[in-house]
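Colleague:
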Amino acid sequence: MGGERKIGWLRPRTLRHLTLLQAASLLSGLGLATAFLLGALQSVWSFAVTIHARSRGPAEACSDLLSDARSHEITIVSRAPSGYACEANLASGGFAVQEHFAGTSVLFILAIAAAVASILVFVGLVGAAIAKAVVTKLLDGRTGRASSWAMGLLIAACFLTPCTFLAQYAQWYSASNSGGSSVFPSGFPFFAFLGCLALAVLAVGMIIVARLSPKERDRRPAVCPRPITRTTH
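Counting from 5, one number per residue, gives the positions in the sequence shown under the numbering used here.
(1) What are the start and end residues of each continuous alpha helix (DSSP H) run of 4 or more residues lying completely inside the stretch 65-120, in chain order?
(2) Taking C-alpha atoms, which residue in ALA117, PHE105 and ALA73 lies nearest to GLY97?
(3) Please work out which residues of its chain come closer than 6 Å, Cβ to Cβ, to ALA131, disregarding the five sequence neighbours upstream and downstream, and give them in chain order.
(4) Rounded to the nearest angstrom, what separates GLY61 and ILE116 at their Cα positions?
(5) Go to GLY35, then tell me how far its alpha helix (DSSP H) extends in each direction, as first and last residue.
(6) Would you give the residue range spanned by the alpha helix (DSSP H) that ARG215 belongs to?
(7) Determine whether the beta carbon atoms of CYS66 and GLN102 lie at a separation below 9 Å.
(8) What number of angstroms, rounded off, separates the C-alpha of LEU22 from the C-alpha of TYR88?
(9) Going by beta carbon distance, what residues of the same chain come within less than 6 Å of SER57, once the five residues before and after it are set aside?
(10) Looking only at its own chain, which residues have a Cβ that is under 7 Å from the Cβ of LEU158, when we skip the five neighbours before and after it?
(11) Just to confirm before moving on: does the CB-CB distance between SER29 and ARG146 stay below 9 Å?
(12) For GLY156, name the three-state secondary structure that DSSP assigns.
(13) Measure the CB-CB distance between ILE211 and ALA154 and report whether it falls below 9 Å.
(14) Go ahead and label ILE55 buried or exposed: buried means 16 or more other beta carbons lie within 10 angstroms of its beta carbon, across all protein chains shown.
(15) Go through its chain and collect everything with a Cβ distance to GLN46's Cβ below 7 Å, but skip five positions before and after it.
(16) Quick check: CYS238 and LEU124, are their CB atoms within less than 9 Å of each other?
(17) Work out the CA separation of LEU34 and LEU41 for me, nearest whole Å.
(18) Within 10 angstroms of the Cβ of ALA92, are there 16 or more other Cβ atoms? Answer buried if so, exposed if not.
(19) From the DSSP output, in three-state form, read off THR140 for me.
(20) At the level of alpha carbons, what is the spacing between ARG149 and LEU142?
(21) Between ALA133 and THR165, what straight-line distance do the alpha-carbon atoms span, to the nearest angstrom?
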């Protein structure tokens, strides 16, 4: 009664015994749920920002357009879920638009990143599960240090390879939106991808070494049956 009870699947002991497929489903589900919540928060924030801008009026919310148009000629238009925009027909016959994202672009980027990351984690863990099954079949019951290294290296390579594509996209996006600078050093995703290939090659080498070694049951010395002796009285 006095102790704190935890939900069954949230217990640390339960989480440690999850298979790769179960972990992939759990992590991808949490990532997609996070992306959905961030998208909903972005829509609510955009609606609130638009309502606040309309209450302030074009004279305050669209001050940059006052040099080209009068305040009564400016219309505040919702751009949900990306803030609002100020539109005005100019006296010269032109049309002016001023976008106001009001921080919603950050939530949009986070939601997309969470969704993409969850999909890549799912793909990586499913690939790791398939690799584990293949390695287990190839090892054919062999155990030892080479078998353990082969299993671990191949699982790591299958899991990390999709993450390098996410890093590559993040580098391209940040470089295109920040004047050429990037969140990652130049070439980092490519070298990370080469590192994953190196892990896969090492895993294949470990599999070959493990295949050449005898099985554990073949190493055990043969046990000769003891002769049966009979005593006569």
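Each residue gets a CB set at the ideal place from its N, CA and C atoms; glycine is no exception.
Modeller: By the coordinates alone:
(1) none
(2) Residue numbering aside, residue 97 sits at position 93 when the sequence shown is read from its first letter. Among ALA117, PHE105 and ALA73, the Cα nearest to that of GLY97 is on ALA73.
(3) Taking the sequence shown and counting its residues from 1, the one referred to as residue 131 is at position 127. Looking at the sequence shown, residue 131 is not Ala but Gly. The residues are CYS162.
(4) The count along the sequence shown starts at 1 and reaches residue 61 at position 57. The count along the sequence shown starts at 1 and reaches residue 116 at position 112. So the two alpha carbons sit approximately 32 Å from each other.
(5) On the sequence shown, residue 35 is found 31 positions in, with the first residue counted as 1. Here the alpha helix (DSSP H) through GLY35 covers 24-60.
(6) Here residue 215 is taken as the residue at index 211 of the sequence shown, counted from 1. Run containing ARG215: 192-216, per the alpha helix (DSSP H) assignment.
(7) In the sequence shown, the residue the question calls residue 66 occupies position 62. In the sequence shown, the residue the question calls residue 102 occupies position 98. Going by C-beta atoms, CYS66 is nearer than 9 Å to GLN102.
(8) As a working note, residue 22 is residue 18 in the sequence shown. As a working note, residue 88 is residue 84 in the sequence shown. If you take the alpha carbons of LEU22 and TYR88, they lie about 45 Å apart.
(9) Sequence index remark: in the sequence shown, residue 57 carries index 53 (1-based). According to the sequence displayed, residue 57 carries Ala and not Ser. Within the same chain, ALA57 has close Cβ partners ALA65, ILE80 and TYR88.
(10) Taking the sequence shown and counting its residues from 1, the one referred to as residue 158 is at position 154. These residues qualify, in order along the chain: ALA135, VAL139, ALA204 and ALA207.
(11) Counting from 1 along the sequence shown, the entry for residue 29 is found at position 25. Counting from 1 along the sequence shown, the entry for residue 146 is found at position 142. The answer is no: Cβ separation not under 9 Å.
(12) Taking the first residue of the sequence shown as position 1, residue 156 is located at position 152. Of the three classes helix, strand and coil, the one that applies to GLY156 here is helix, per DSSP.
(13) Along the sequence shown, read from residue 1 onward, the residue named residue 211 stands at position 207. Along the sequence shown, read from residue 1 onward, the residue named residue 154 stands at position 150. Yes, they are a contact pair.
(14) In the sequence shown, residue 55 corresponds to position 51, counting from 1. By the neighbour-count rule (16 or more Cβ atoms within 10 Å), ILE55 is not buried but exposed.
(15) As a position in the sequence shown, residue 46 is number 42, starting the count at 1. PRO85, THR108, LEU111, PHE112 and ALA115.
(16) What is shown of the chain runs 5 to 237, which leaves residue 238 out entirely.
(17) Locating residue 41 in the sequence shown gives position 37, counting from the first residue. Locating residue 34 in the sequence shown gives position 30, counting from the first residue. When rounded, the distance between both Cα atoms is 11 Å.
(18) Walking along the sequence shown from the start, residue 92 turns up at place 88. By the 10 Å Cβ count, ALA92 comes out buried.
(19) Within the sequence shown, numbered from 1, the residue matching residue 140 stands at position 136. Three-state result, THR140: helix.
(20) Position 145 of the sequence shown holds residue 149. Position 138 of the sequence shown holds residue 142. Approximately 15 Å between the Cα atoms of the pair.
(21) Position 129 of the sequence shown holds residue 133. Position 161 of the sequence shown holds residue 165. Whole-angstrom Cα-Cα distance: 14 Å.
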